[in-house]
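Asker:
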Amino acid sequence: MEQKQTINFGAGPAKLPQSVLLQAQKELLSYSGMGISVLEMSHRSVDFNKILTKTESLLRELLTIPDNYKVLFLQGGGSGQFSAVPLNLIGLKEDTCADYLVTGTWSEKAAKEAEKYGKVNIVHPKLDSYTSKSV
């Protein structure tokens with residue numbers, strides 16, 4: 242039975258090739274023929290550690306990440322980083338300020354979230370609408 246293929250033009254997640262989806266479907270029930278799904282595998286197991294190691298290696302190769310940089314696999318999506326970044330960089334210090342360029346909806350949300358963790362300076366203010374580049 243042929244299925245309808247819809248393309249998502251949203252910010253994410255993105256459309257995946259059919260071959261990737263079919264491989265994921267196959268591996269979902271029995272990862273590498275082990276008889277266990279990755280969803281059931283302990284995150285402390287040797288097999289799961291191999292998955293993480295290979296993923297990091299491929300990511301470093303794809304993005305040319307230097308060895309002196311750490312790769313972090315975090316949950317929460319992009320919006321989760323709106324808290325994580327200022328919390329780590331501003332660190333709830335009263336005398337620390339972060340500059341934000343508000344160029345659209347997402348940077349506006351990021352700046353608003355950052356205000357929970359420290360002083361925020363809006364370098365470029367919000368416009369009435371975002372229909373052109375501000376820089």
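Heads up, the sequence shown is in the numbering used here, so the first residue is 242 and it goes up one at a time.
The beta carbon of each residue, even a glycine, is placed where N, CA and C say it ideally should be.
Computed from a predicted model, the values in this text were never measured in an experiment.
In whole angstroms, what is the alpha-carbon distance linking E302 and L280?
Answerer: Approximately 26 Å, taken between the alpha carbons.
Asker: I need the boundaries of the alpha helix (DSSP H) containing D288, first residue and last residue.
Answerer: Counting along the chain, the alpha helix (DSSP H) containing D288 begins and ends at 287 to 304.
Asker: Along the chain, where does the beta strand (DSSP E) containing L333 start, and where does it finish?
Answerer: From DSSP, L333 is part of no beta strand (DSSP E); its letter is neither H nor E.
Asker: To which residues of the same chain is F257 closer than 7 Å at the C-beta, ignoring the five residues directly before and after it?
Answerer: Correcting the residue identity first, residue 257 is Leu in this sequence and not Phe. So the list is empty, once near-sequence residues are dropped.
Asker: What separation, rounded to the nearest whole angstrom, lies between the Cα atoms of E354 and E335?
Answerer: Roughly 16 Å between the two C-alpha positions.
Asker: Answer with buried or exposed for A352, where buried requires no fewer than 16 other C-beta atoms within 10 angstroms of its C-beta.
Answerer: The residue is buried, with at least 16 neighbouring Cβ atoms inside 10 Å.
Asker: Does DSSP put Y272 in a helix, in a strand, or in coil?
Answerer: Correct three-state label for Y272: helix.
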